Amino acid sequence: MNIFRLFGDLSHLAAIAILLLKIWKTRSCAGVSGKTQLLFAVCFITRYIDLFLHFVSLYNTEKVMKLIYISASVFTCYLIFFKFKATYDGNHDSMRAEFLIVPAAGLACLINTKFDAIEILWTFSIYLEAVAILPQLFLISKTGEAETITSHYLFAQGSYRALYILNWIYRYHYESHVDTIAIVAGVVQTILYCDFFYLYITKVVKGQKIVLPA
Amino acid sequence: NDHEFKHDEL
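Quick note, the sequences are listed as chains Z and W, same order.
Just so you know, the working numbering puts 122 at position 122 of the first sequence, and the rest follows in order with no gaps.
Going from the second sequence to the working numbering is simple: count from 1 and add 214.
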């Protein structure tokens, strides 16, 4: 474990907590893409499938984190699609998730470390996570704005994988550890946030709201 | 097989 990975995971936890709090406090999921949250839930379940395959001793923090990620993302989907369904902006959350899931699944079968079920699921989860935020960014471009709290969520979510890139550089240098698939997908994922990062740094930090087109 | 590639990150 290194500082980058630690802050990356904390940033990821913060993102999940911010979104949950926003939906729970405002009792509304306006401006939130349900599809992105569904894709994240699929990513966690397919990536941490080992939790379901054999009992894991919960004293291990990593296992606890995995359970938190899975339960929090499923609960977020429950809030969006059931509890606060009336506030779900389905018309603007219109990016076809199949256009993200099918290519990720196909690519996972073509480019992977080992052709076995667990490894293919893990690879699928990595590829899917790289593009999972697209419905959310698409929704913001359709509505033309993002609530400040949603901007903070996106900033934390984007920062998590950006910090992981620093973690991979660190691990390459000190542990000569390289996970090419995760690195390439992580770089693609972070690049997708660049436009948002620019808006966040230039607008939200100054207390303004993000309104598109910028 | 100990060379089993373990993904040790979340």
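Ideal placement from N, C-alpha and C gives every residue a C-beta, glycine not left out.
Keep in mind it's a predicted model, so treat the numbers as computed, not measured.
CB contact check: residue i to chain W, cutoff 8 Å
{"i": "E62/Z", "result": "yes"}
{"i": "W24/Z", "result": "no"}
{"i": "D179/Z", "result": "yes"}
{"i": "D9/Z", "result": "yes"}
{"i": "R161/Z", "result": "no"}
{"i": "M65/Z", "result": "yes"}
{"i": "R27/Z", "result": "no"}
{"i": "R96/Z", "result": "no"}
Whole-Å CB distance - residue i paired with residue j, under 8 Å assumed
{"i": "I183/Z", "j": "L121/Z", "result": "The Cβ separation is near 19 Å, so there is no contact."}
{"i": "L166/Z", "j": "F55/Z", "result": "Between F55/Z and L166/Z the Cβ distance is about 34 Å, and since that is not below 8 Å, they are no contact."}
{"i": "I23/Z", "j": "Y153/Z", "result": "Not confirmed; about 10 Å, so no contact."}
{"i": "L39/Z", "j": "L79/Z", "result": "With a Cβ gap of about 16 Å, L39/Z and L79/Z do not count as contacting."}
{"i": "Y193/Z", "j": "G158/Z", "result": "3 Å"}
{"i": "V64/Z", "j": "A41/Z", "result": "V64/Z to A41/Z, Cβ: 18 Å. No contact."}
{"i": "Y69/Z", "j": "F44/Z", "result": "5 Å"}
{"i": "A156/Z", "j": "S11/Z", "result": "5 Å"}
Cutoff 8 Å: residue i Cβ touching any chain Z Cβ
{"i": "N215/W", "result": "For N215/W, the predicted structure reports a pLDDT of 36, less than 50, and the residue's modelled location is therefore unreliable. The matter cannot be settled from this model."}
In DSSP terms, what residue i is bridged to
{"i": "V211/Z", "result": "E145/Z"}
Margin query: Could you check whether the region 96-108 of chain Z touches the region 127-140 of chain Z, counting it as contact only if at least three pairs of C-beta atoms, one from each stretch, sit closer than 8 Å?
Written below: yes
Check: Given 8 Å as the limit, is there contact between the region 193-203 of chain Z and the region 165-176 of chain Z, that is, 3 or more CB pairs closer than that?
Finding: no
Check: If you scan the region 101-156 of chain Z from start to end, which runs of the alpha helix (DSSP H) of 4 or more residues do you find wholly inside it?
Finding: 117-131 and 134-143
Margin query: Does the region 132-149 of chain Z come into contact with the region 31-39 of chain Z, if we say contact requires no fewer than three beta-carbon pairs (one atom in each stretch) closer than 8 Å?
Written below: yes
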